[in-house]
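Asks: Residue numbers (this note's numbering): 20 to 908.
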């Protein structure tokens, strides 16, 4: 039987009425005192946080005794940069370090996997009309999937550099106030935040200047850094916190550590990390930077905390540095000098000769002391730091093997000793912001100039992030290289002229064909001129066959290369309205007519014997005859012959007869008569113009010794270049077009050739035309004075002539006589002890933004493309071994 619980009786004040007394308003009832439940003391457990950090607020991390402000450092270009610019950069960073004297810095370098899916969405968004799919062949979607898989398979990662400045050891009152406020569910007091804000503004000013150009980290970036520091070398989290306010209380910090278990082995060689959610296991070995020899940076050596990125797996860097000002540095130096003098006295008291190195150290200390007292603050500042590199592997054996290779690399190239200390778990915790230094061993004392030369934020990025995947960088680190050939015109508003220079066998034609294929897949109208003919095999690829066409000039109809018809007449719609537009249109029409006359004169000079061409009267007669013929598209070379025949001069009639004799040759008929209708056709996505079977002349041999076929090849090449570009002027000005011209060095030495390339470079932006020009000698481009109009440059192997290498460096706008000539000679170098073919080609690339890097072309993700582009003769196809295109660990 249950008893009903009734509330306690409440007392009320009763109002009694008395006779004869006036009635007052009713008095309010006095409220009852609330009943308070008995206070119960619950046994709630405090959060077991494994981090020293107690709170995160924006870009600040708090520990019980310190506060650290975190900054993100952008990557800086280092490779192929003039030494003067490098030294200016290092000097600026040194001054910034010196400006942080008295503080402890935490420099972290981590990685983020390349977002292949984001790139695929970007290129798809910039490809409005890809080539229609062909049944039973890889479509546009399959093409993007293959590229993404290739990106993921080679483990590309992007480096990210963070700098934490630990400042303002908190007073006892601040710590007690925080504890009291945390009891009431609050964090750091407002007064302390205001004081910290004033200090942080000073750091913003120091780090935001030229040099580091640091900025405050965002909430997402700091969360990423903490995740990567707790789970060293493990797969990154799939998604970060959706909150963006940047506030983390002590209980929230559990989210950073609860997924990862650390298996501590105090005397082990690695630390084992296990993800509880995914089951991923990772072994991590932390190496400490030991003794170092003096480094000559930038003259001889690479930045010593960026050098590890030569190896093909991502690693992590943690550097704790105490910056000492002039006073602290001088006191430390005096202490060490007294130690040296004391040792010398001990030797003298015992009548023993002191080792000579003691006197050398004493003299060195005196010199450094003089620099500190008389030089600038940046000269007297010193850095005492502990530098760690974390190497990861799927197994303990793989981790230790990678650590061994890293130790050998630093020892061989930089003369830096990397040590593998004990207490690996403590060392691994150093990477986590807020954690203390594991031990003070292996401390490196150096001037801030040498610390600045570590430069972990050095990068080798080149290309754009919206184009096709063409390979990876092959310098100090490995990054994917993307190239959109229309990015210079559509975004940077620059010329679309791209130049390819290399010795024979350097890979110019293969790269030209690969870029043409990738552009055709994106729906770009592509025209390739390949005199030798191998690029015609691109039209046999199943996905391109219905949309491709091969035009072999050696078997074409009469008039195909009629010079007057190769230069288009400008349209009035291409210019603005009004009188100014009319004037520009008239000038363009006059320029087109003058260019036709120049081209016809050069073609006539090429068609007559060189002995006749050298006579002064020949040029005069040709100029007179060409002037008599209307310089319009409908005119022909037959009109020039008729004009010469009508002259009273016997020399003119003789020239006409020479041209008629040449016209009887089958190949020469291409220059006479009118071109057939629909010669090129605008419907084909890919058109390859070849001259298969035609023998090209050697320009080093005098023209008198050329055969008749070689003599005709020269005017055919000139007009074929014009024919390839003529197709691009037939459509809309804004539509994307690409033209690839091989053997451009034959254009050098002729007025029409120079005017052709100049016009091509100037018209490329207006017509949205990507013009790819390949040549064996950079002088062909430099001699035309169009290097200022070149947006992209690829320079392959040049080892035979140092002068040509110097010209190529000028084309790249890289300093000459700084040792970069040897870099060009070492490109695409095969192993002399191996019989296998080299499976890749390397170039030095300069993009439209002026960044220069060494790249390795790799389009192996396109099935069958390399087989169709292979121009190497083999006795039996498929029988010769081929070297691996890339070596990944």
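Cβ coordinates follow ideal geometry from the N, Cα and C atoms, glycine included.
Since the structure is predicted, the reported quantities are computational estimates derived from the model, not experimental observations.
If you reduce the DSSP assignment to three classes, tell me which class residue 125 lands in.
Replies: In the structure shown, residue 125 sits in a strand (DSSP, three-state: E or B).
Asks: Compare the Cα-Cα distances from residue 582 to each of 534, 607, 618 and report the closest residue.
Replies: Residue 582 has its Cα closest to that of 618, out of 534, 607, 618.
Asks: Look up residue 267 in the DSSP assignment and say whether it is helix, strand or coil.
Replies: DSSP places residue 267 in strand when its eight states are reduced to three.
Asks: Compare the C-alpha of residue 593 against each of 476, 748, 243 and name the closest.
Replies: Nearest option by C-alpha distance: 748.
Asks: Exposed or buried, residue 591, counting other C-beta atoms within 10 Å across all chains shown (16 or more means buried)?
Replies: Its Cβ having fewer than 16 others within 10 Å, residue 591 is exposed.
Asks: Taking 8 Å as the threshold, find out whether the segment 137 to 152 comes into contact with the segment 405 to 417 through three or more Cβ pairs.
Replies: No, because fewer than three Cβ pairs between the segment 137 to 152 and the segment 405 to 417 fall closer than 8 Å, the two stretches do not touch.
Asks: Would you call residue 242 buried or exposed, if buried means 16 or more other Cβ atoms sit within 10 Å of its Cβ?
Replies: Residue 242 comes out buried.
Asks: For the beta strand (DSSP E) that residue 90 lies in, which residues bound it at each end?
Replies: Counting along the chain, the beta strand (DSSP E) containing residue 90 begins and ends at 86 to 92.
Asks: Rounded to whole angstroms, what is the Cα-Cα separation between residue 445 and residue 867?
Replies: Cα-Cα distance, rounded: 46 Å.
Asks: Tell me which residues share the same chain as residue 362 and place their Cβ nearer than 8 Å to its Cβ, disregarding the 5 neighbours each side in the sequence.
Replies: So the list reads 373, 377, once near-sequence residues are dropped.
Asks: Over the uninterrupted beta strand (DSSP E) stretch that includes residue 342, give me the two end residues.
Replies: Taken as a continuous stretch (DSSP letters only), the beta strand (DSSP E) holding residue 342 covers 335 to 343.
Asks: Roughly how many whole angstroms lie between the Cα atoms of residue 770 and residue 621?
Replies: Each residue's Cα considered, the two are about 8 Å apart.
Asks: Output needed for residue 518: all residues of its chain with C-beta closer than 6 Å, excluding positions within five of it in sequence on either side, in chain order.
Replies: For residue 518, where only same-chain residues beyond five positions count, the Cβ hits under 6 Å are 792, 800, 809, 812.
Asks: Measure the beta-carbon distance from residue 888 to residue 533 and round it to whole angstroms, keeping in mind my assumption that it falls under 8 Å.
Replies: Confirmed, Cβ separation roughly 6 Å.
Asks: According to DSSP, which residues form a beta bridge with residue 221?
Replies: Bridge partners of residue 221: none, in fact.
Asks: Give me the Cβ distance between residue 69 and residue 218, rounded to the nearest whole Å; I'm assuming they're in contact under 8 Å.
Replies: With a Cβ gap of about 28 Å, residue 69 and residue 218 do not count as contacting.
Asks: Taking all protein chains shown into account, decide if residue 366 is buried (16 or more other Cβ within 10 angstroms of its Cβ) or exposed.
Replies: Classification of residue 366: exposed, given that the 10 Å Cβ count is below 16.
Asks: Would you decide whether residue 549 is buried or exposed? Buried here means 16 or more other CB atoms lie within 10 Å of its CB.
Replies: Burial call: buried.
Asks: Can you give the Cα-Cα distance for residue 297 and residue 328, rounded to whole angstroms?
Replies: C-alpha separation (whole angstroms): 28 Å.
Asks: Exposed or buried, residue 262, counting other C-beta atoms within 10 Å across all chains shown (16 or more means buried)?
Replies: Label assigned to residue 262: exposed.
Asks: Can you tell me which of the three DSSP states residue 873 falls into?
Replies: It is a strand residue.
Asks: As an exercise, report each continuous beta strand (DSSP E) stretch of at least 3 residues that is fully enclosed by the segment 563 to 593, in chain order.
Replies: Those beta strand (DSSP E) runs which fall completely within the segment 563 to 593 and span 3+ residues are 567 to 571.
Asks: Below 8 Å between beta carbons: does that hold for residue 660 and residue 679?
Replies: Contact flag set, yes.
Asks: Between the Cα of residue 663 and the Cα atoms of 636, 287, 607, which residue gives the shortest distance?
Replies: The shortest C-alpha separation from residue 663 is found at 636.
Asks: Which of the three DSSP states, helix, strand or coil, is assigned to residue 311?
Replies: In the structure shown, residue 311 sits in a strand (DSSP, three-state: E or B).
Asks: Tell me, which residues are paired with residue 482 by DSSP?
Replies: Its beta-bridge partners are 501.
Asks: Under the rule that 16 or more other beta-carbon atoms within 10 Å means buried, what is residue 676, buried or exposed?
Replies: Exposed, by the Cβ-count rule.
Asks: Counting only the same chain and skipping the five closest in sequence on each side, list residues whose C-beta sits under 6 Å from that of residue 434.
Replies: Once the five neighbours on either side are set aside, the close Cβ partners of residue 434 are 312.
Asks: Do you know offhand how far residue 388's Cα is from residue 455's?
Replies: Roughly 31 Å between the two C-alpha positions.
Asks: Taking the alpha-carbon positions, what's the residue 472 to residue 109 distance?
Replies: Cα-Cα distance, rounded: 6 Å.
Asks: Do residue 443 and residue 307 have their C-beta atoms closer together than 8 Å?
Replies: In this structure, residue 307 does not lie closer than 8 Å to residue 443 by Cβ.
Asks: Using only the alpha-carbon positions, how far apart do residue 233 and residue 429 sit?
Replies: In a straight line, the C-alpha of residue 233 is about 28 Å away from that of residue 429.
Asks: Kindly indicate which three-state DSSP category residue 181 falls into: helix, strand or coil?
Replies: DSSP places residue 181 in strand when its eight states are reduced to three.
Asks: Going by the beta-carbon positions, is the gap between residue 408 and residue 425 smaller than 8 Å?
Replies: Yes; because the gap between Cβ atoms is below 8 Å, this pair is in contact.
Asks: Write down every uninterrupted run of the alpha helix (DSSP H) in the segment 789 to 861 whose length is 4 residues or greater and which is fully enclosed by it, in chain order.
Replies: You should have 798 to 801, 821 to 831, 839 to 844.
Asks: Alpha carbon to alpha carbon, how far is residue 885 from residue 606? Give it in angstroms, no decimals.
Replies: So the two alpha carbons sit approximately 46 Å from each other.
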